[in-house]
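Engineer: Pasting in a structure now, in structure tokens, and then I'll have a few things to ask.
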Amino acid sequence: MLLNTKKIRLNNSSSISTFTMNILFVTRLYSGFEESLYQKVWKPEGVPTIYKLFNKLSLNHKLSIIFTAKDSGATYTSNWEETRDVDVKLKNLKADIKVLCGTKYFFSFIPRKLAMIMRDARQFIKIIFYVRTKKPDLIYCDSANVVIAFLLTKLFPNKPIVVRVLGVCSFWRSIINSRRIVHRVYKFSFKGKFSAVIGTQDGSGIEYWFEETLIKDVPRYVLLNGVDNGQNTNKLNKKFKTILFVGRLEEYKGILIFLNAIIKILKEKKHKLNIVVIGDGTLYDQTINLCKDSGFFDKFQFLKSIPHQDVLKYHLKSDIYVSANTDGNLINTNLEAISSNACMVIPKPQREKFIDIETSNLLGNAVLYYEVNDVNDLKNKILYLLNSPSKIKDFKNKISSTKLKFIKTWDQRVNEEKKILENIVKNN
């Protein structure tokens, strides 16, 4: 049962700000932003939830951004090599930007866990001084900095502080019942008296997770992401069927499940297929080797990083789109597939974990579902479509009408969040 989750409804027109806010963003240094910061030109990749909000707010409000450099881990890779804090001015984005160095600030002989604690403590102290200097009207922290956000509510109790959660990954899911110290620290931090907590509706069950982690009187908002304006569907190649996978090459994204299912189909030698995989990640080398060892490497096309507009072109040229994500399937790449009228194959809802309940509610029978992490079931569902090409067209037609009930443009979506922030400042 959903409690206290606020839904925002706006008309399609953009609201015009009647006042100027001084906003401080404190977010992790996302890998898709690093190249822009090095080149001093704002051309972000990935995380449109964040960068599109930056773009919108910078037009009418005073924007300061602190990027907190974190360090490469099991599912996150950073190429930020600076050993000191950096102030950056970017072309195409009007904002004061500071990048706070991560563990590379300290001597390399310091144990990793200790260096991470020292990193967070140093970044927090820097942020305190920054707040006192900039005197922002509102502080906006992403969930990677929720501990800092909690501490800031204690130091600046009269200043509005908003926390942004970009969906519930396995780490956030684990903090609810875990006894590990790091999980307890994060769980305690989410109990802060924030002005609001804003979550992304990505199918991960974030509305249920909010009930477990936030205190009852904290306003919370769950927002479905937007899409860029679509294009007309191109004619598809009749000789080959193109199957598309878009996402980070990580275990939770299901890339190995997808590839193993496809390899089983290729071994049957009944269909001429072109498999396109767009994305990068810690499993990149493993996926390449898996396809080479299968003997079907020439059937695969791996694209590590391509411009966003080119990803949309691949959506339009594909016959079948497969998502194997186990953390939720209303993610950006899937919304783009929906917007492109894709014939989609996605995992069934995991109701015991509250994952993809909303996905199923929105999509209904407009997509084809398979058992989570079941290679053979995924293979069979793809074969069902390949053996009945008319079904591909049927699913494309279904999604084209179903999407009209919930899909928004990014401009509409960002205006929702902008309005939330403006109302918080106005009412403070």
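Per our numbering, numbering through the sequence shown is continuous, rising by one, with the last residue being 426.
Using N, Cα and C, we set each Cβ at its ideal position, and we do this for glycine too.
Since this is a predicted model, take the numbers as computed values, not measurements.
Below 8 Å on the Cβ atoms is my guess for Gly252 versus Phe352; work out the distance and round it to an integer in Å.
Structural biologist: The Cβ separation is near 19 Å, so there is no contact.
Engineer: In chain order, what residues of the same chain lie with their CB nearer than 7 Å to the CB of Ile418, ignoring the 5 residues before and after it?
Structural biologist: Around Ile418: Ile6, Ala194, Ile196, Tyr219.
Engineer: Can you tell me whether Lys403 is buried or exposed, with buried defined as 16 or more other CB within 10 angstroms of its CB?
Structural biologist: exposed
Engineer: Cutting at 7 Å between CB atoms, please list the residues of its own chain near Ala113, excluding the five before and the five after it.
Structural biologist: Excluding positions up to five away in sequence, the list reads Thr101, Phe104.
Engineer: Between which two residues does the beta strand (DSSP E) harbouring Cys139 extend?
Structural biologist: 136 to 140
Engineer: What does the Cβ neighbour count give for Pro158, buried or exposed, with the cut at 16 atoms within 10 Å?
Structural biologist: Pro158 is buried by the Cβ-count criterion.
Engineer: So, do the region 124 to 136 and the region 20 to 30 have three or more beta carbon pairs nearer to each other than 8 Å?
Structural biologist: yes
Engineer: When the Cβ atoms of the region 352 to 365 are set against those of the region 398 to 415, are three or more pairs found closer than 8 Å?
Structural biologist: yes
Engineer: Alpha helix (DSSP H) containing Thr331: first to last residue?
Structural biologist: 330 to 337
Engineer: Which residue comes first and which comes last in the beta strand (DSSP E) that contains Val84?
Structural biologist: 84 to 88
Engineer: Do you know offhand how far Lys89's Cα is from Ser62's?
Structural biologist: 15 Å
Engineer: Give the straight-line distance between the Cα atoms of Leu0 and Asp409, rounded to the nearest whole angstrom.
Structural biologist: Note on Leu0: pLDDT 40, under 50, position unreliable in the model; no value is reported.
Engineer: Taking its Cβ as the centre, do 16 or more other Cβ atoms sit within 10 Å of Asp380, making it buried, or is it exposed?
Structural biologist: For clarity, residue 380 is Ile in the given sequence; the question names Asp instead. That one is buried.
Engineer: From the DSSP output, read off the bridge partner residues of Ala194.
Structural biologist: Val160
Engineer: Does the region 335 to 351 come within contact of the region 261 to 274, defined as at least 3 CB pairs closer than 8 Å?
Structural biologist: no
Engineer: If you count every other CB in all the chains shown that lies within 10 Å of the CB of Val145, and 16 or more means buried, which is it?
Structural biologist: buried
Engineer: Quick check: what's the CA-CA separation for Ser11 versus Thr407?
Structural biologist: Annotation note: pLDDT 41 at Ser11 (below 50); position unreliable, no value reported.
Engineer: For Gln37, which option in Phe17, Trp78, Asn58 has the closest C-alpha, if you only look at C-alpha atoms?
Structural biologist: Of the candidates Phe17, Trp78, Asn58, the residue whose Cα lies closest to the Cα of Gln37 is Trp78.
Engineer: Cβ atoms of Ser187 and Ala142: under 9 Å apart, would you say?
Structural biologist: no
Engineer: Helix, strand or coil for Asp215, going by three-state DSSP, please let me know.
Structural biologist: Secondary structure at Asp215: coil, using DSSP grouped into helix, strand and coil.
Engineer: Based on the DSSP output, what are the partners of Tyr367 in its beta bridges?
Structural biologist: Paired residues: Ile344.
Engineer: Lys262 and Asn374 - do their beta-carbons sit closer together than 9 Å?
Structural biologist: Yes, the pair counts as a contact, with Cβ atoms nearer than the cut-off.
Engineer: Starting from the C-beta of Gly190, find all residues in its chain whose C-beta is less than 6 Å away, skip the five residues before and the five after it, and write them out in chain order.
Structural biologist: If we look at Gly190 and ignore the five residues flanking it on each side, its Cβ neighbours are Phe148, Thr151.
Engineer: By the three-class DSSP mapping on this structure, what secondary structure does Asn272 have?
Structural biologist: strand
Engineer: With respect to the alpha helix (DSSP H) encompassing Lys132, which residues constitute its N-terminal and C-terminal limits?
Structural biologist: 110 to 132
Engineer: Identify, in the order they occur along the chain, each residue of the same chain with its Cβ nearer than 7 Å to the Cβ of Tyr312, setting aside the five sequence neighbours on each side.
Structural biologist: Leu242, Val274, Ile276
Engineer: Note down, in chain order, each residue of its chain lying with its Cβ closer than 7 Å to the Cβ of Ser337, except the 5 sequence neighbours on either side.
Structural biologist: Val225, Gly228, Lys401, Ile405
Engineer: What's the gap between the Cα of Ile115 and the Cα of Thr81?
Structural biologist: 17 Å
Engineer: What is the DSSP secondary structure of Leu281, reduced to helix, strand or coil?
Structural biologist: coil
Engineer: Could you tell me the distance, in whole angstroms, from the CA atom of Ser292 to the CA atom of Val320?
Structural biologist: Looking at the two C-alpha atoms, the distance is approximately 20 Å.
Engineer: Can you say whether Leu117 is buried or exposed, counting buried as having 16 or more other CB atoms within 10 angstroms of its CB?
Structural biologist: It is Arg, not Leu, that sits at residue 117 in the sequence shown. Buried: at least 16 other Cβ atoms inside 10 Å.
Engineer: Taking DSSP as the reference, what is the three-state secondary structure of Ser12?
Structural biologist: Note that Ser12 scores 42 on pLDDT, short of 50, meaning its location in the model is unreliable; the coordinates nonetheless yield the value given after this. Coil at Ser12, not helix or strand.
Engineer: Just tell me which of Val423, Lys424, Arg411 has its CA closest to the CA of Leu222.
Structural biologist: Arg411
Engineer: List the DSSP bridge partners of Thr25.
Structural biologist: Phe65
Engineer: In the DSSP assignment, find the unbroken alpha helix (DSSP H) run with Tyr319 in it and report its ends.
Structural biologist: Counting along the chain, Tyr319 falls outside any alpha helix (DSSP H), though it belongs to the beta strand (DSSP E) covering 318 to 320.
Engineer: Could you give the first and the last residue of the continuous beta strand (DSSP E) run that contains Asp200?
Structural biologist: If you look at Asp200, you'll find it isn't in any beta strand (DSSP E); DSSP assigns it neither H nor E.
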